[in-house]
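Chemist:
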Amino acid sequence: MVACARKRKRRVTKRKVKMTLPPSSNNYSNVTTGLQMLRDSTFPAGPIALDCEMVGVGVNRESALARATIVAYDGTVLYDVICKPCGVITDYRTRYSGIRPADMARAIPFSAVQDEVKQIVKDRIIVGHALKHDFKVLNLIHPEELIRDTSTAPYAKTRALINGNATNVPLRRLAYILLGVQIQMGEHNSVEDAQANMEIYKLVEKEWEAGINQSVRKRGVREN
1 MVACARKRKR
11 RVTKRKVKMT
21 LPPSSNNYSN
31 VTTGLQMLRD
41 STFPAGPIAL
51 DCEMVGVGVN
61 RESALARATI
71 VAYDGTVLYD
81 VICKPCGVIT
91 DYRTRYSGIR
101 PADMARAIPF
111 SAVQDEVKQI
121 VKDRIIVGHA
131 LKHDFKVLNL
141 IHPEELIRDT
151 STAPYAKTRA
161 LINGNATNVP
171 LRRLAYILLG
181 VQIQMGEHNS
191 VEDAQANMEI
201 YKLVEKEWEA
211 GINQSVRKRG
221 VREN
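In the UniProt record's numbering, the protein residues as written are 1 to 224.
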């Protein structure tokens, strides 16, 4: 009688991540250096990661932008501001957003934040998780070929031994499996989330970009 061979468990690669959270009670930093870098033509090359925090406005507590964060490929914070929504805030969602009423004293009007984010992300690859929500509150349209969403693309999920077609896989789960770090244990932090997203992207960047290039080539063949 031949014994069945035991399946060897595939090892999941973990990456040590050094988070560079700004020192404050809610980890908010008010950084706009990315704008100056654009003006000085010193903006770092490579993809950027975007993450937003939302609050509820109006009677129906509809999601509105309250904080926008952009980090560079190396995790450096390029932009991190509190945003004053257009509507009346009826739910700060502090448990998840980390936003409190006192934060609005230093908030920047939505129109200014929207314009500044558009300047920074223009023609750049954006890395994020469930970016459709971030784009919605920013009222931002970005070219599909420049979007790297860890919630929809299969690469990070497959590396984490999760079905690539699985939906609603939390960022905190990917971060724990792939990076060995725990995030979103309490209030969410957009700097932490953006940095984790970038590290996840870097783990699978090679195959992700190869897959996109292959899709572009196939599309070109069909069009010809």
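Note that the Cβ used here is the ideal one computed from N, Cα and C, for glycine as well.
Specify, as a first and last residue, the run of the alpha helix (DSSP H) that T158 falls within.
Modeler: Looking at the DSSP string, the run of the alpha helix (DSSP H) that includes T158 is 154-159.
Chemist: Buried or exposed for Q195, going by 16 or more other Cβ atoms inside 10 Å?
Modeler: buried
Chemist: Note down the Cα distance separating G56 from N197, rounded to an integer number of angstroms.
Modeler: 24 Å
Chemist: Determine the direct distance from the alpha carbon of V59 to that of Q204, and round the result to whole angstroms.
Modeler: Note on identity: in this sequence residue 204 is Val, with Gln being the wrong assignment. Cα-Cα distance, rounded: 42 Å.
Chemist: Going by alpha carbons, who is nearest to Y96 out of Q114, K136, R67?
Modeler: R67
Chemist: Decide if the segment 45-55 is in contact with the segment 185-194; the criterion is three or more beta carbon pairs, one per stretch, under 8 Å apart.
Modeler: yes
Chemist: With a threshold of 8 Å, are at least 3 pairs of Cβ atoms found where one atom belongs to the segment 66-86 and the other to the segment 32-40?
Modeler: yes
Chemist: Using the Cα positions of E207 and I200, report the straight-line distance between them to the nearest angstrom.
Modeler: 12 Å
Chemist: Out of V137, P47, A102, which has the shortest C-alpha to C-alpha gap to Q114?
Modeler: V137
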